[in-house]
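Residue numbers (my numbering), protein chains in the order written: chain F, 739 to 964; chain L, 739 to 964. C-beta atoms are modelled at their ideal positions from N, C-alpha and C, and glycine is treated no differently. Remember, predicted model here, so these are calculated numbers, not experimental data.
Number of protein chains: 2
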Amino acid sequence: MKAIVLLSGGMDSLVSTAIARHQGIDLAALHLNYGQRTEARELAAFTAIADHYQIAARLVVDATHLSKIGGSSLTDKTISVSKADLWNEDIPSSYVPFRNANILAMAVSWAEVIGATKIFIGAVEEDSSGYPDCRKEFYDAYNQVIRLGTKPSTDIEIITPVIEMKKHQIIEVGITLGAPFELSWSCYERSDRACGVCDSCALRLRAFEQTGLRDPIEYMVRPAYL
Amino acid sequence: MKAIVLLSGGMDSLVSTAIARHQGIDLAALHLNYGQRTEARELAAFTAIADHYQIAARLVVDATHLSKIGGSSLTDKTISVSKADLWNEDIPSSYVPFRNANILAMAVSWAEVIGATKIFIGAVEEDSSGYPDCRKEFYDAYNQVIRLGTKPSTDIEIITPVIEMKKHQIIEVGITLGAPFELSWSCYERSDRACGVCDSCALRLRAFEQTGLRDPIEYMVRPAYL
């Protein structure tokens, strides 16, 4: 069996890749550049992780339309990346409108051509930033779109192995599977050392705190979030 | 109300635009370059049609990943564009895997940012080439994905105004609405004069034959298809 892993270079996509590899699946890795602030750093993480797992089939897509379209602090430098507020239930400014549907469409096109039957995505519903395109029901609906919108001879399904996990559980699974967290990158703001205060850093640092382990990447500051 | 029209430059997208305009909707036009053979000619048709309808808001997306991914005679020059076989029910070589899901994702991202609530696409189910992503049930399922994958505050819906029409009905509606067919382009193969023998030309010529009208664009040959 062949599967595509959507590998942003973050922790969730790293552990999803580790899970897919642990199942003995032949992997191909897809990465999206979409004009995000930390694009080059994320691509470096993608490359390092794909090298680590010896994934030869790689596709890096420049989805510049997402930055042209704007609407997110990740791609529009006139909108500032808000500091984390993990108790606020609003959708944060980092939300890129319908981003995951864009990357899924690319992944399905590629899967149909290379004969992959699974697409692994590290979406997290529970313990996340509250993006609407990270919910399980979104992926269930998307699987229906794939069934209806691809050739009858294909059989492609999205797999969300960590969607119901808490962030600290994702770390624990990753540790068990030997995932190289030191190669991953999560910060939305900086590319040298992680800022420690954006939404993505906050979720990551809090999760490591919960496990009692120290995140192996370097931070500017490591606030306590518990 | 604001709507996005997906404007390839072909006849079906032209008439869908005419229908949307006839409803008095404020329009924005989205066009996709995806490495198809006739990309420059289609873009010229897009521009001419958008000029005709005085649509100021335009987004042209270079989706080069679709040509990188390949799998279609439209984007892969090692696969030949098959001559039309309107009685063959197989999916033709021109099928671009999951193309419409890619363009819909882009449209929804853009709609969310500019506040458009409808997306018009000129997909045709009945009288078409049999692409799986042109079926009504595909769009119904996609609308569910949009509801689940966008902000709760948005209300975006895909409209397929010609999906149940026969091609000759699309022409008749277009004529009634004064659609400028002379500005549209459908040929998959050539960019100077339409070839007249590819799948897309054949469907178009047959439909004009059925209406008893002459297609105003120039062809290399005009075979009879009835």
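Spatial distance of residue 745 (chain L) from residue 928 (chain L) (CA atoms): Put simply, the backbone Cα of residue 745 (chain L) is about 19 Å away from that of residue 928 (chain L).
Top-ranked residue by Cα proximity to residue 907 (chain L), from L:890, L:942, L:805: Of L:890, L:942, L:805, the residue nearest in Cα terms is L:942.
Provide the residue span of the alpha helix (DSSP H) that contains residue 780 (chain L), from first to last. Element bounds for residue 780 (chain L): 777-790.
Near-chain L residues of the region 754-769 of chain F - C-beta to any C-beta below 8 Å: Answer set for the region 754-769 of chain F: empty.
Going by C-alpha distance, which of L:913, L:799, L:889 is nearest residue 750 (chain L)? The option with the nearest alpha carbon to residue 750 (chain L) is L:913.
Please name the residue in F:904, F:869, F:879, F:910 whose C-alpha comes closest to that of residue 890 (chain L). Nearest to residue 890 (chain L) by C-alpha distance, out of F:904, F:869, F:879, F:910, is F:869.
Quick one: residues in its chain with C-beta nearer than 6 Å to the C-beta of residue 953 (chain L), no 5 flanking neighbours on either side, listed in chain order? Within the same chain, residue 953 (chain L) has close Cβ partners 946.
Whole angstroms is fine: what's the gap from residue 881 (chain F)'s alpha carbon to residue 939 (chain F)'s? Taking the straight line from one Cα to the other gives about 30 Å.
Residue range of the beta strand (DSSP E) that includes residue 796 (chain L): Membership of residue 796 (chain L) in the beta strand (DSSP E) is indicated by the continuous run 795-800.
Taking the CB atoms as reference points, tell me whether residue 787 (chain L) and residue 842 (chain L) lie closer together than 8 Å. Using a Cβ distance threshold of 8 Å, residue 787 (chain L) and residue 842 (chain L) do not count as a contacting pair.
Which residues of chain F have a Cβ atom closer than 8 Å to the Cβ of residue 958 (chain L), listed in chain order? Those do not exist, as residue 958 (chain L) stays about 31 Å from chain F at its closest Cβ, beyond 8 Å.
Skipping 5 residues on each side, what residues in its chain have a beta carbon closer than 7 Å to that of residue 779 (chain L)? Closer than 7 Å at Cβ, skipping near neighbours: 923, 929.
Do residue 745 (chain L) and the ligand MG come close, with the Cβ less than 7 Å from some heavy atom? The ligand MG is absent from the structure shown, which contains no ligands of any kind.
Figure out for me which residue from L:863, L:964, L:888 has the closest Cα to the Cα of residue 899 (chain L). If we check each option's Cα against that of residue 899 (chain L), L:863 comes out closest.
Pair within 8 Å by beta-carbon distance, residue 768 (chain F) and residue 758 (chain F): Not closer than 8 Å, so no.
Report back the beta-carbon spacing between residue 807 (chain L) and residue 857 (chain L) to the nearest angstrom; my notes put them in contact at under 8 Å. Not quite, the Cβ-Cβ distance comes to about 23 Å (not below 8 Å), so this is no contact.
Using a Cβ-Cβ cut-off of less than 9 Å, list which residues of the region 741-752 of chain L approach chain F; keep chain order. For the region 741-752 of chain L, the set of residues with a beta-carbon nearer than 9 Å to any beta-carbon of chain F is empty.
Residue 836 (chain F) by DSSP, collapsed to three states: which one? In the structure shown, the three-state DSSP call for residue 836 (chain F) is coil.
Residue 774 (chain L): buried (16+ other C-beta within 10 angstroms of its C-beta) or exposed? In this structure residue 774 (chain L) is buried. Its beta-carbon is surrounded by 16 or more other beta-carbon atoms within 10 angstroms.
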